[in-house]
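Asks:
There are 2 protein chains.
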Amino acid sequence: MTSDDPKIGIAGGAGPYAGLDLAQMLLEETIAEQEQDHLSTVLLSTPEQIEDRTRFLLGEATVNPAHVLFRNVRDLESLGASVVGLPCNTAHAAKIWSVLTRKLEQSGCRVRLLDMVAETADFLRVECPEVQTVGVLSTIGTWRAAFYPTLLEAQGYRVMVLEETQQRELHEEALYHPKHGIKAQAHPVTTQARRVLLDGVRTLESQGAEAVILGCTEIPLGLPERRLGATYLVNPGRILARALIREFQLERLRPWSWE
Amino acid sequence: MTSDDPKIGIAGGAGPYAGLDLAQMLLEETIAEQEQDHLSTVLLSTPEQIEDRTRFLLGEATVNPAHVLFRNVRDLESLGASVVGLPCNTAHAAKIWSVLTRKLEQSGCRVRLLDMVAETADFLRVECPEVQTVGVLSTIGTWRAAFYPTLLEAQGYRVMVLEETQQRELHEEALYHPKHGIKAQAHPVTTQARRVLLDGVRTLESQGAEAVILGCTEIPLGLPERRLGATYLVNPGRILARALIREFQLERLRPWSWE
């Protein structure tokens, strides 16, 4: 029983609720009958030190969040984390993710940092085999970086995103509004924020989307359903939680269900 | 920006949801308009290594959970935690708490480990000055260790607890039942578990309780209200969250409200 006992690591704080939600989903997706059946985890959350990822991608901030995320992953490793999730979609943009993963490699870090975006694409293929058209809701940073469309189109999907005006409204009203945005007010999510998200889903459905990726960690707080009518709502955070359990202790992973 | 930047530490895993709930309440009780306003935290949760605290207090298990909790507090310190909360009421029983605090002292640990039970008594005095009779709902371990009654009676309160049959039912049905107990099924809490907890509150009210301490971390998940009719429902976890913010960065603490 030393600090080196293996644990699941969560690089949290981007934003403040993201790590908590991932930790919560780890509990939900673990087969457990008593509290000792749950998996050891360490969650490090330093929101005040992590520059807004979208602001960085848009050139409005100069410090790459990759540097503090790198340090946090190393700190998680020092507490025994063997596999780490970073529950921030926007941080998976190449300008951040490639710097982070290169630094980790160069430093000799032995942690396996899972790629939430790649895991999401794998999940779609396995659990929604009939889906051909996928929509993406996200921050403006993720929208502009376009890594979901790039990855999914390479795998043969048609990918729909919002046009710029509606995308901007979703970012500013549902996510970042200082009063009713989910980044400020998550428990409970405001009706304004949920309405903007539902409008986004409907727009993507009208363009043919059969599944919608909730591509910002805060979005599933406002759209907690796994399906909305016939449309799959795909939460990359939940997929990441399941991938962490799979890598850490496969026999503890709950079977997937759309209910 | 090193790992030594001060953080709030959470010694979680007793049980698995306890640390998450404390982290969630830290966010709720912090004044924040943007994500960078939230406080840095590190949560370490090792449920599989922490013996059930009640089983230890009842003599059904021999390893004192204090030892692994000690190690976890030291690990939190190594990641920069300057003040730590341990959101487990039962672990505040003298047989566990005194061993933990003595080991921390002897090891030269510089972390301030806050005492959730003492904080709760202080809170009652300040925020419910008219209350004279206090009820306590808890695990059997906390019920038998009786540290809430001891502390509160020393401060002049009348203290009510359940008689043994109902106490046992609450422990076994609402908390530990493998299907509908909150330790197994917390999101959402089952109607069976909530009904047992509500019965407990009513029994204590009928004995004169004006405030009820929800003295096990899982109980507030089934009784999330701050008041039930005229009765104050006092959540030591929320009080601990507020105490951590107070000690860490007082100006970020939200004013208290019973709403």
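Going down the list, the sequences are from chains A and B.
Residues 1 to 259 in the numbering used here are what the first sequence lists, from first letter to last.
Residues 260 to 518 in the numbering used here are what the second sequence lists, from first letter to last.
Even for Gly, the Cβ is constructed at its ideal location relative to N, Cα and C.
If you're wondering where the values come from, they're calculated on a predicted model, not measured in any experiment.
#1: What residue ranges within the region 406-447 of chain B form continuous alpha helix (DSSP H) runs of no fewer than 4 residues, ordered along the chain?
#2: Under 8 Å: do the region 371-381 of chain B and the region 497-512 of chain B share three or more Cβ pairs, one atom per stretch?
#3: Can you look up residue 366 of chain B in the DSSP assignment and give me helix, strand or coil?
#4: In whole angstroms, what separates the C-alpha of residue 62 of chain A from that of residue 141 of chain A?
#5: Should residue 107 of chain A go down as buried or exposed, given a rule of 16 or more other Cβ atoms within 10 Å for buried?
#6: Pick out whichever of A/212, A/17, A/139 has its Cα sitting closest to the Cα of residue 87 of chain A.
#7: Short of 7 Å Cβ to Cβ, which residues in the region 67-82 of chain A face chain B?
#8: From residue 98 of chain A to residue 64 of chain A, what does the alpha carbon distance come to, in whole angstroms?
#9: Compare the C-alpha of residue 474 of chain B against each of B/318, B/403, B/369, B/308 and name the closest.
#10: Which residues of chain A have a Cβ atom closer than 9 Å to the Cβ of residue 362 of chain B, listed in chain order?
#11: Is residue 8 of chain A helix, strand or coil by DSSP?
#12: Three or more C-beta pairs closer than 8 Å, one from the region 39-49 of chain A and one from the region 297-310 of chain B: is that the case here?
#13: Is it right to say residue 266 of chain B is buried, meaning 16 or more other beta carbons lie within 10 angstroms of its own, or is it exposed?
#14: Using 7 Å as the limit for Cβ to Cβ distance, is residue 512 of chain B near chain A?
#15: Please state the DSSP three-state secondary structure of residue 390 of chain B.
#16: Would a check of beta-carbon distances place residue 263 of chain B closer than 7 Å to chain A?
#17: Under 9 Å Cβ-Cβ, which residues of chain A neighbour residue 446 of chain B?
#18: Please report how far the alpha carbon of residue 464 of chain B lies from the alpha carbon of residue 494 of chain B, in whole angstroms.
#19: If you measure between the beta carbons of residue 68 of chain A and residue 49 of chain A, is that distance less than 7 Å?
#20: When you compare the region 418-428 of chain B with the region 22-33 of chain A, are there three or more beta-carbon pairs, one atom per stretch, that lie closer than 8 Å?
#21: Return helix, strand or coil for residue 100 of chain A, following the three-state DSSP convention.
#22: For residue 487 of chain B, which of B/385, B/496, B/471, B/478 has the nearest alpha-carbon?
#23: State yes or no: is the beta carbon of residue 257 of chain A nearer than 7 Å to at least one beta carbon in chain B?
#24: Could you name the residues of chain B that residue 17 of chain A contacts, counting a contact when the two beta carbons are closer than 7 Å?
#25: How about residue 42 of chain A: is its C-beta nearer than 7 Å to some C-beta of chain B?
#26: Taking the Cβ atom as the reference point for each residue, do residue 218 of chain A and residue 183 of chain A lie within a distance shorter than 7 Å?
#27: What number of angstroms, rounded off, separates the C-alpha of residue 417 of chain B from the C-alpha of residue 195 of chain A?
#28: Do you know whose CA, among A/79, A/11, A/188, A/92, lies nearest residue 139 of chain A's CA?
#29: Check this for me: beta carbons of residue 35 of chain A and residue 437 of chain B, under 7 Å apart or not?
Replies: Straight from the coordinates:
#1: Listed in chain order, the complete alpha helix (DSSP H) runs (minimum 4 residues) inside the region 406-447 of chain B are 406-413, 423-428.
#2: yes
#3: Start at 1 with the first residue of the second sequence, and residue 366 of chain B comes out as number 107. Of the three classes helix, strand and coil, the one that applies to residue 366 of chain B here is coil, per DSSP.
#4: Counting from one through the first sequence, the residue named residue 62 of chain A turns up at place 62. Counting from one through the first sequence, the residue named residue 141 of chain A turns up at place 141. Distance between the alpha carbons of residue 62 of chain A and residue 141 of chain A is about 14 Å.
#5: Locating residue 107 of chain A in the first sequence gives position 107, where the first residue counts as 1. Per the 10 Å Cβ criterion, exposed.
#6: Counted from its first residue, the first sequence places residue 87 of chain A at position 87. Measuring from the Cα of residue 87 of chain A, the nearest candidate turns out to be A/17.
#7: Sequence-ordered contacts of the region 67-82 of chain A with chain B read 68, 71, 75, 79 [C-beta pairs closer than 7 Å].
#8: The residue labelled residue 98 of chain A in the question sits at position 98 within the first sequence. The residue labelled residue 64 of chain A in the question sits at position 64 within the first sequence. Distance between the alpha carbons of residue 98 of chain A and residue 64 of chain A: 11 Å.
#9: On the second sequence, position 215 is the one that residue 474 of chain B refers to. Taking only the C-alpha atoms, the option nearest residue 474 of chain B is B/403.
#10: Taking the first residue of the second sequence as position 1, residue 362 of chain B is located at position 103. In chain order: nothing, as chain A lies at least about 14 Å away.
#11: Position 8 of the first sequence, counted from the start, is the residue given in the question as residue 8 of chain A. Of the three classes helix, strand and coil, the one that applies to residue 8 of chain A here is strand, per DSSP.
#12: yes
#13: As a position in the second sequence, residue 266 of chain B is number 7, starting the count at 1. Buried, since its Cβ has 16 or more Cβ neighbours within 10 Å.
#14: If you number the second sequence from 1, residue 512 of chain B lands on position 253. Not one chain A Cβ lies under 7 Å of residue 512 of chain B.
#15: Reading the second sequence from its first residue, position 131 is the one you call residue 390 of chain B. If DSSP states are grouped into helix, strand and coil, residue 390 of chain B belongs with coil.
#16: For the purposes of this step, residue 263 of chain B is taken as the residue at position 4 of the second sequence. False, the Cβ-Cβ gap to chain A never drops below 7 Å.
#17: If you number the second sequence from 1, residue 446 of chain B lands on position 187. The contacting residues are 24, 27, 28.
#18: For the purposes of this step, residue 464 of chain B is identified with residue 205 of the second sequence, where counting begins at 1. For the purposes of this step, residue 494 of chain B is identified with residue 235 of the second sequence, where counting begins at 1. Roughly 17 Å separates the two Cα atoms.
#19: Taking the first residue of the first sequence as position 1, residue 68 of chain A is located at position 68. Taking the first residue of the first sequence as position 1, residue 49 of chain A is located at position 49. Against a cut-off of 7 Å, the Cβ pair of residue 49 of chain A and residue 68 of chain A comes out as a contact.
#20: No: the two stretches stay apart, fewer than three of their Cβ pairs being nearer than 8 Å.
#21: Within the first sequence, the letter at position 100 stands for residue 100 of chain A. Three-state DSSP puts residue 100 of chain A in a helix.
#22: For the purposes of this step, residue 487 of chain B is taken as the residue at position 228 of the second sequence. Checking every option, the nearest Cα to that of residue 487 of chain B belongs to B/471.
#23: For this step, residue 257 of chain A is matched to residue 257 along the first sequence. Not one chain B Cβ lies under 7 Å of residue 257 of chain A.
#24: As a first step, residue 17 of chain A is located in the first sequence; it is residue number 17 there, counting from the start. Result: 286.
#25: Taking the first sequence and counting its residues from 1, one reaches residue 42 of chain A at position 42. Answer yes: the Cβ-Cβ gap between residue 42 of chain A and chain B drops below 7 Å somewhere.
#26: For the purposes of this step, residue 218 of chain A is identified with residue 218 of the first sequence, where counting begins at 1. For the purposes of this step, residue 183 of chain A is identified with residue 183 of the first sequence, where counting begins at 1. Residue 183 of chain A is positioned such that its CB atom lies closer than 7 Å to that of residue 218 of chain A.
#27: For the purposes of this step, residue 417 of chain B is taken as residue 158 along the second sequence, with counting starting at 1. For the purposes of this step, residue 195 of chain A is taken as residue 195 along the first sequence, with counting starting at 1. Their backbone Cα atoms lie some 49 Å apart in a straight line.
#28: In the first sequence, counting from the first residue as 1, residue 139 of chain A sits at position 139. The shortest Cα separation from residue 139 of chain A among A/79, A/11, A/188, A/92 belongs to A/92.
#29: Sequence index remark: in the first sequence, residue 35 of chain A carries index 35 (1-based). Sequence index remark: in the second sequence, residue 437 of chain B carries index 178 (1-based). Result no, Cβ atoms of residue 35 of chain A and residue 437 of chain B do not sit closer than 7 Å.
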